[in-house]
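In my numbering, the protein residues as written are 12 to 287.
A virtual CB, placed ideally from N, CA and C, is assigned to each residue, including glycine.
These figures come from a predicted structure and were not determined experimentally.
Take a look at the structure:
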């Protein structure tokens with residue numbers, strides 16, 4: 012009798028161990044468990060740790076709650092200003108409701124990927140080329156809003172969306188390069204013209220000062236000679252002021268004779284006009 016009880020106990024214990032082994036599940040810290048009993052959602056979401064399910068009746072689906080980094084395939088499109096571009100992006104999202112991610116959508120990763128591609132093509136058609144190149148922060152926010160609206164019904168939260176690269180045709184790249192070169196040349200010419208204007212104003216002021224003090228011109232001439240001689244040249248060209256040449260020219264010309272004053276005509280004879 013005792014032997015039968017022992018055998019029965021061992022059988023029950025073995026059956027219990029087999030049941031526990033079949034029913035035991037471990038949910039990791041970054042996961043949540045969703046139990047479907049005979050196809051219907053059973054209770055709430057299972058937290059991380061050790062949990063039990065009914066073998067053959069319950070089905071436990073584990074949902075990763077970590078942030079997922081998903082590249083969005085490059086999309087070809089035409090911008091609002093009729094430029095063909097190829098844009099790719101990357102999307103960061105995570106599951107906030109494990110039950111909705113399992114019940115509301117068949118494959119939430121595939122759904123988010125398709126929604127991201129559709130939204131990216133839509134953004135390309137609504138934007139100008141300059142916005143795609145220089146105003147990406149605003150476009151990223153628009154993409155995030157477009158994807159996040161339907162994703163919330165799937166238990167998914169969009170963390171952020173970033174446009175990675177914008178590929179342009181070679182003809183457009185050459186045109187932009189020529190435009191940038193022309194703009195830089197225009198700015199260089201403006202800077203040179205402004206420098207010439209400022210220099211001319213300063214030279215005009217210096218000429219006004221030198222005209223009041225003729226000795227200043229001679230001092231300036233001596234400073235020029237010193238600057239030229241500092242280069243250790245074998246030939247020294249000494250310029251002469253134009254005023255000095257004009258003075259020498261006037262000194263070499265003979266003095267013009269002073270014209271004598273003309274004698275006044277004699278007064279008319281009063282009797283010459285009368286007849287006898």
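DSSP places residue 194 in the uninterrupted alpha helix (DSSP H) bounded by 181-223. Contact fails between the stretch 186-205 and the stretch 155-175, because fewer than three Cβ pairs, one in each stretch, are under 8 Å apart. Residue 102 places its beta carbon 8 Å or farther from that of residue 136. Under the 10 Å beta carbon count, residue 44 is surrounded by 16 or more other beta carbons and is classified as buried. Partner residues in a beta bridge of residue 19, as assigned by DSSP, do not exist.
The criterion of a C-beta distance shorter than 8 Å is not satisfied by residue 17 and residue 46. Secondary structure of residue 82 (DSSP, three-state): strand. Around the Cβ of residue 208, a 10 Å sphere holds fewer than 16 other Cβ atoms; the residue is exposed. Counting every other CB atom within 10 Å of its CB across the protein chains shown gives residue 157 a total of 16 or more, marking it as buried.
Residue 173: member of the beta strand (DSSP E) spanning 167-178, first to last residue. Secondary structure of residue 55 (DSSP, three-state): coil.
At least 8 Å separates the beta-carbon of residue 108 from that of residue 50.
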